[in-house]
Each structure stands twice: as structure tokens, then as C-alpha cells.
Amino acid sequence: MSREYPIIAVTGSSGAGTTTVKRTFERMFAREDVHAAFVDGDAFHRYTREELARIFREEPERKNQLSHFAVEANLLDRLEALFLEYGEHGTGTYRHYIHAEDKQMIEAGHQVGTFTEWQPLPCGTDLLFYEGLHGGLVTSGHDIARHVDLLVGVAPTMNLEWIQKIDRDIKLRGYSQEAVIDTILGRMNDYVRYIQPQFSRTHINFQRVPTVDTSNPFEVQDIPNDAESFVVIRFRDPSTVDFPWLLAMIQDSFMSRPHTLVVPGARMSLAIELILAPLVRHLLAQRRFR
Numbered sequence: 001m002s003r004e005y006p007i008i009a010v011t012g013s014s015g016a017g018t019t020t021v022k023r024t025f026e027r028m029f030a031r032e033d034v035h036a037a038f039v040d041g042d043a044f045h046r047y048t049r050e051e052l053a054r055i056f057r058e059e060p061e062r063k064n065q066l067s068h069f070a071v072e073a074n075l076l077d078r079l080e081a082l083f084l085e086y087g088e089h090g091t092g093t094y095r096h097y098i099h100a101e102d103k104q105m106i107e108a109g110h111q112v113g114t115f116t117e118w119q120p121l122p123c124g125t126d127l128l129f130y131e132g133l134h135g136g137l138v139t140s141g142h143d144i145a146r147h148v149d150l151l152v153g154v155a156p157t158m159n160l161e162w163i164q165k166i167d168r169d170i171k172l173r174g175y176s177q178e179a180v181i182d183t184i185l186g187r188m189n190d191y192v193r194y195i196q197p198q199f200s201r202t203h204i205n206f207q208r209v210p211t212v213d214t215s216n217p218f219e220v221q222d223i224p225n226d227a228e229s230f231v232v233i234r235f236r237d238p239s240t241v242d243f244p245w246l247l248a249m250i251q252d253s254f255m256s257r258p259h260t261l262v263v264p265g266a267r268m269s270l271a272i273e274l275i276l277a278p279l280v281r282h283l284l285a286q287r288r289f290r
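Going by full-length UniProt numbering, the first residue of the sequence shown is number 1, and it counts up by one from there.
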């Protein structure tokens, strides 16, 4: 737990749907008048896109060693230092990684696959919100998870995650399907070592499960929509959850296990707000009464 300023982290793989959860938090923060410092995990990649491409051209054997999931490809010391500083003082430095969908930043002259300069976080924020790959990471050299007050995992079924990544990277980032599949295969070892273990450390997991055929994720297909899925929500500490109230508030929801709530995919945003808004209020109340 942070000693002074709360930190919320949404962690999940590339293409998992963490951005959807982030947008729900943004609406929640606006309604609750919460001023958050937003930090993108991609900003802590070690290399620009061109630097990474040059390394792979010169040292092809490193292609499976430097995925964005890997410790070696990220500035995890800076990420942990940011969490530590923010938790104690509400300050820190951050930057942005430029994606193809960042139209305003590209129009301002930034190049896709590069970073902005490091800059101070905004002053006077109530909490820090991190969305990225490593919010719950623990390794022999780093313990990011220990700084996080509320850790949320977004972990769709594997095939759905791949379908979403392939669709996004082709439509928004201009990659070929073959290139995206090569990236997925090259990251698999790091996915198992660094990403999946984080979902055992989260306070809450949201896992979207499709109810349509996704047996071949590498076949070109539409992403299953919300009405074609359920969301499995797992709570690490079910004793703190008012399940009867959630079941009454979320139509067609049900319990599959004592610590697991299942809701229709179309009601995922509602479920996120009903579950997480009280937790955010609790974090801020703790801070105010310190």
C-alpha cells in the first residue's frame, strides 16, 4: 500500500482490453471529481521501434529475447521508482510512447514508435492510474506489485486476446497478419514468465469469455461483441464483496464459485463501475484521514 498517495494499476497483455477498462475508470473519475495522473506502461519500453528493429537486423538471435513483455526490454527501475516516489510524495516523472492511433501527437510532430521527453507528473493529483503490461510484476530484481493499492487484471481467454491483438495491430497500426502472428509467437516465453503470474497477485480479475467460435484465432474474423461474451470476475478477497447487492444490480449475473461473479459482456462497464467505484472512494478516504 502507498503511504500517502494511492496507486491503481490495470495490468494485462497486449490486446487484452485494458484500454476499455481505462476508459471506464476515466468516466468514473470524471463523475467522482477525482484528479488522476495517467501513466501508460508503454512509456517504459527501453527502445524506440527503430532501435528495436535495428537490434533485430544486426542480432537476429535476440528477437525472442527482447519482446515488450521481457524485463530486459523495459525500464522497470524507472517504473518502480515512479511508483515509490508517487506513493510517498505524489510526484514523479513520466513520458508517452507514440502509437499510430495517437493522431494529435503525430500532428504535433511526433513520430510513431518514439517517446516524448520525460516530464513531471501534473501537480495536485489524487491518485496515479497506470495501464500497461507490468503493473503486477515481481521478479528477483523488481517488485512493482508491492507499490500498488488496487491491482486490476484484464485477462481474456487466450484465443480472444490474440484475435483482439491481430485486429487492432492490422487496422490501427498497419502491421500485416503474418507480422502480428510472428510477434505473438516470439513473446510466448515472456508471456508465461512475466505476464501470466501477475493475475495471481491482482485484487480483481476481469476475464472476457466468448460464446461464439474462436477456435482458430489466426483466421480473419470479427472480434466477438459484448453481447457474444460473458465476463468472469474473480475477487482475491471475497469477504469484502457484497455479492447479493451486485447480483441484484447486474441483471442476469450469477455466481460460478464463492469468489467469482459472472456477468453478461454487455454489462461489463456497469460491473466495473459498481465494483471499483467504492474501492476508489475507500482509497481516497484513507488518504484524507491520514
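Note that CB positions come from ideal geometry on N, CA and C, so glycine has one too.
Bounding residues of the alpha helix (DSSP H) (the contiguous stretch that carries residue i)
i	result
D167	M158 to K171
I181	Q177 to D190
Y86	L76 to H89
A248	F243 to M249
E107	K103 to E107
Residue range of the unbroken beta strand (DSSP E) whose run includes residue i
i	result
N205	I204 to P210
R31	From DSSP, R31 is part of no beta strand (DSSP E) but of the alpha helix (DSSP H) over T18 to E32.
P264	T260 to P264
residue 295	Residue 295 is absent from the model: the chain starts at 1 and stops at 290.
S256	F254 to R257
Straight-line Cα distance separating residue j from residue i
i	j	result
A271	R57	46 angstroms
W162	D182	12 angstroms
E224	V232	Note that residue 224 is Pro in the sequence shown here, rather than Glu. If I take the Cα positions, the gap works out to 16 angstroms.
S253	F218	31 angstroms
D143	Q65	21 angstroms
R78	H134	12 angstroms
G186	I8	29 angstroms
W245	Y94	39 angstroms
F243	M28	21 angstroms
F44	M188	20 angstroms
A37	L284	14 angstroms
A70	G141	13 angstroms
A251	F129	Residue identity check: residue 251 is Gln in the sequence provided, not Ala. Going by the C-alpha atoms only, they are around 29 angstroms apart.
F206	A145	18 angstroms
R257	R23	28 angstroms
G124	A30	16 angstroms
F83	S176	36 angstroms
V21	R62	33 angstroms
E4	H147	11 angstroms
Sequence-distant residues of its chain with Cβ nearer than 7 angstroms to residue i (five each side left out)
i	result
D42	Y97 and G132
G12	T18, G153, V154 and A155
D226	G265, A266 and M268
Cut-off 8 angstroms between Cβ atoms - residues of its own chain near residue i, not counting five sequence neighbours on either side
i	result
F230	R208, V209, T211, V262, V263, P264 and G265
Q111	I98
P278	none
Residue closest to residue i, alpha-carbon to alpha-carbon, out of the options
i	options	result
M158	T125, T116 and S215	S215
L276	Q286, L150 and G186	L150
F235	T202, S253 and E228	T202
T114	G135, N64 and R46	R46
F25	L127, A227, D143 and Y5	L127
V192	Q286, G87, L137 and Q119	L137
D222	I170, I184, S239 and N205	I170
F122	P60, A100, A53 and Y86	As written in the sequence, residue 122 is Pro, which differs from the Phe given in the question. Of the candidates P60, A100, A53 and Y86, the one whose C-alpha sits nearest the C-alpha of P122 is Y86.
L160	H147, K103, V220 and G124	V220
D213	E228, A100, E61 and R62	E228
T260	P278, E273, L274 and V241	V241
Outcome for residue i when other beta-carbon atoms lying within 10 angstroms are tallied against a minimum of 16
i	result
V10	buried
H89	exposed
M249	exposed
M268	buried
D237	exposed
F289	Caution applies to F289, whose pLDDT of 49 falls short of 50 and renders its modelled position unreliable; the value that the coordinates give is listed next. By the neighbour-count rule (16 or more Cβ atoms within 10 Å), F289 is not buried but exposed.
V280	buried
S67	buried
G92	buried
Q286	exposed
A108	exposed
E80	buried
A16	buried
P6	buried
A53	exposed
Q104	exposed
Cβ neighbours of residue i in the same chain (closer than 6 angstroms, five flanking residues each side left out)
i	result
S14	K165
Residue i: CB within 7 angstroms of a non-hydrogen atom of the ligand MG
i	result
G113	The ligand MG is not part of the structure shown, which contains no ligands of any sort.
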